[in-house]
Amino acid sequence: MVSGVFGLFMAQFIYQMHGLFEMHFIAFIGSAILITYQNWKLQIPLAALVIVHHASFGYLQYIGYDKVYFTQLDYMTLQTFIIHGILATIVFFICGLWAYQMKLLNERQIQQTYDMGRYQEEQLQRKALLRSNEDLKKSNKELDSFVYSVSHDLRAPLSSMLGVIGLCEMREMDPFMQKNVSLLKTSVRKLDGFIMDILDYSRNARLDMHLQEIHFDEMLTDIFGNLKFMCTDDQKKVDIRLAVRNGIPFYSDKSRLSIILNNLISNSIRYQNPEVADPFVEIQVEVSETGADILVRDNGIGIAEENQGKVFNMFYRVSNKSAGSGLGLYIVKEAVEKLDGVIRLDSETGKGTQFSIRLPNLAHSRFVKQQPQS
Amino acid sequence: MDYKYKNVMVVDDNQIDLYIAEMVMLTTRFAEKVICVGSAREALEYLRPLDESSDGLPTLIFLDINMPEMTGFDFLEEYRRLPDNIRKKCIIMMLTTSLDEQDRKQAEDNEFVKRFLNKPLDRDKLAQLM
């Protein structure tokens, strides 16, 4: 109501002053359009419209065409025309500027809202990712401890069986019993080996890397200690040749490296060539700043060329006579990959087998645990 | 022929493993008497009333790790509280199927444990102890 009265008063006033409402209303409408559409460029056609309108009507009045009523003044001076033009331009410019800034502000607000939404979404995704990572770690740990306790529970009765078999062997037995007990022992050992392979597989696949300095001599002595009783009765004792050249600290994952060496060396002993007089397994280790070259070479029965591509496959066994689970070399390959290394196989039937492994020295890896200073 | 040790104690919840240990030790004349107990608690109850001059005091204790109610490590915690003169006379060996590195490390770090052996106990393993 008040604005209506005020508007009417303004219109009267402007009319009293000079000229028509229309030209002043054009200024108001123009300003309103600019602000509504928030496009500063509109001020240009609006200003042009005012100038053209004034110029043409002023000209019509000037030449005496009296059908139009333009201003109360008898004629419009050039000065009035220019002032009108400039004032209109300024009014439009201010409104244009206002429109421009309002638009910027709007855009910024929209961007901020959008960013905020995206940030929240990212936070949510991050949280979900962290949670599923946590869950995965937990289930890995649970699975590992499950495998561990199951394998322990399976191995406990097996070791009891081996113990009882051992008791039998302490007494004199007739050849028939001796043979049967020996067969029993082979089977139990095989089953035990299978369970330990599964355990190795699970630990290699699931456990985090635990880097520490590797002492090859110590590790190999341990391995040979464990394999000492592996030879069956009809097999010759395998000569062990060691050539370890270290001196530079070598860092890697001890349990995985031990799995690798244990499997390769036990294969060399198991698949020895009955026709050679001096079965041997030779282990060469050479450590440098960047890595370790490990060579496990034997003069065993070898692997035929057509089978060489398959021996690293899961559950692949070269022959039915193979005593193993078919997991050994598969686990070796997996463990080498975990350690970022490469493995190569060279073999010839009847001559022997050679595995060459190259492992990186992870001494400067971020996984290395700082040794506590004592 | 002499026996290597007079009294040897075996702590294991598995009756067959107790039997195996007893038979191997007796046959190889590793021990004159094998005291077989089926739990860590029983072992403690046996040890508590003894002193250094007791006849029944074992010189060697073979201890299983994985046992219900009280594990081998729980036993070691309680063992710590036994009087000095008993502890001085006893040597503890872990005898287990466990391949866990952590078990081995924990056993080796324990001041009372001399060795960590894997089951089954046999002639060769006993020979190594002699």
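So the sequence lines, in the order shown, correspond to chains A and B.
Going by my numbering, the letters in the first sequence line up with residues 5 to 378, in that order.
Going by my numbering, the letters in the second sequence line up with residues 7 to 136, in that order.
C-beta: ideal position from N, C-alpha, C; glycine also.
Model, not experiment: these values are computed from the prediction.
Check the C-beta distance from residue i over to residue j and give it rounded, since I have them as a contact under 8 angstroms.
i, j, result
"T103/B", "S163/A", "5 angstroms"
"I218/A", "Y255/A", "7 angstroms"
"L188/A", "I169/A", "6 angstroms"
"N303/A", "G356/A", "4 angstroms"
"I335/A", "D201/A", "6 angstroms"
"E58/B", "N91/B", "4 angstroms"
"M168/B", "A49/B", "Nothing in the structure corresponds to residue 168/B, since chain B is present only between 7 and 136."
"M99/B", "L53/B", "Wrong, their Cβ atoms sit about 16 angstroms apart, outside the cutoff."
Does residue i come within less than 7 angstroms of chain B when only Cβ atoms are used?
i, result
"G229/A", "no"
"S164/A", "yes"
"D226/A", "no"
"A160/A", "yes"
"G295/A", "no"
"M174/A", "yes"
"S378/A", "Residue placement at S378/A is flagged as unreliable, the pLDDT there being 39, under the threshold of 50; a coordinate-derived value is accordingly withheld."
"H368/A", "no"
"L171/A", "yes"
"G332/A", "no"
"G328/A", "no"
"G167/A", "yes"
"Q374/A", "Interpretation of Q374/A is limited by its pLDDT of 49, a score under 50 that renders its predicted location unreliable; no figure is taken from the coordinates."
Could you tell me the alpha carbon to alpha carbon distance between residue i and residue j, rounded to whole angstroms?
i, j, result
"K314/A", "L211/A", "26 angstroms"
"D257/A", "V40/B", "42 angstroms"
"D138/B", "R110/B", "Since the first residue shown for chain B is 7 and the last is 136, residue 138/B is missing from the structure and cannot be characterised."
"Q358/A", "M174/A", "39 angstroms"
"K131/A", "Q115/A", "24 angstroms"
"P376/A", "S206/A", "In this predicted model, P376/A has a pLDDT of only 47, less than 50, meaning its place in the structure is not dependable; the value taken from the coordinates is given anyway. So the alpha carbons of these two residues sit roughly 29 angstroms apart."
"T353/A", "K194/A", "25 angstroms"
"S262/A", "L331/A", "15 angstroms"
"C251/A", "V291/A", "It should be noted that the sequence gives Gly, not Cys, for residue 251/A. Distance between the alpha carbons of G251/A and V291/A: 8 angstroms."
"A133/B", "F36/B", "9 angstroms"
"W102/A", "S369/A", "59 angstroms"
"P64/B", "G229/A", "29 angstroms"
"P253/A", "G345/A", "17 angstroms"
"N137/A", "K95/B", "51 angstroms"
"I298/A", "I347/A", "9 angstroms"
"I94/A", "V54/A", "12 angstroms"
"E124/A", "R112/A", "Residue 124/A is actually Gln in this sequence, not Glu. Going by the C-alpha atoms only, they are around 18 angstroms apart."
"N365/A", "I67/B", "43 angstroms"
"R249/A", "D221/A", "10 angstroms"
"Y66/A", "K107/A", "42 angstroms"
"P126/B", "G197/A", "15 angstroms"
"M165/A", "D19/B", "16 angstroms"
"Q239/A", "V280/A", "11 angstroms"
"K241/A", "F284/A", "9 angstroms"
"L24/B", "M31/B", "11 angstroms"
"L231/A", "N124/B", "14 angstroms"
"F29/A", "Y69/A", "24 angstroms"
"T117/A", "Q127/A", "15 angstroms"
"M223/A", "L363/A", "16 angstroms"
Could you tell me whether the Cβ of residue i comes closer than 7 angstroms to any Cβ of chain A?
i, result
"K10/B", "no"
"K125/B", "yes"
"M29/B", "yes"
"D128/B", "yes"
"I98/B", "no"
"I22/B", "yes"
"A46/B", "no"
"I26/B", "yes"
"T33/B", "yes"
Which partner residues of residue i appear in the DSSP bridge assignment?
i, result
"I41/B", "M15/B"
"L363/A", "A296/A"
"G11/A", "Answer is none; G11/A lacks a bridge partner."
"L349/A", "F359/A"
"L215/A", "D257/A"
"F284/A", "D243/A"
"I227/A", "In the DSSP output, where bridge partners are listed per residue, I227/A has none listed."
"I98/B", "I67/B and V119/B"
"E338/A", "Note: E338/A sits in no beta bridge, so no partner."
"V289/A", "V248/A and I298/A"
"N124/B", "T102/B"
What does residue i reach in chain C if we use C-beta pairs closer than 7 angstroms?
i, result
"T103/B", "Absent here is chain C; the protein component of the structure consists of chains A and B."
Residue ranges of each alpha helix (DSSP H) within the stretch 38-106 of chain A, 4 or longer: 47-66
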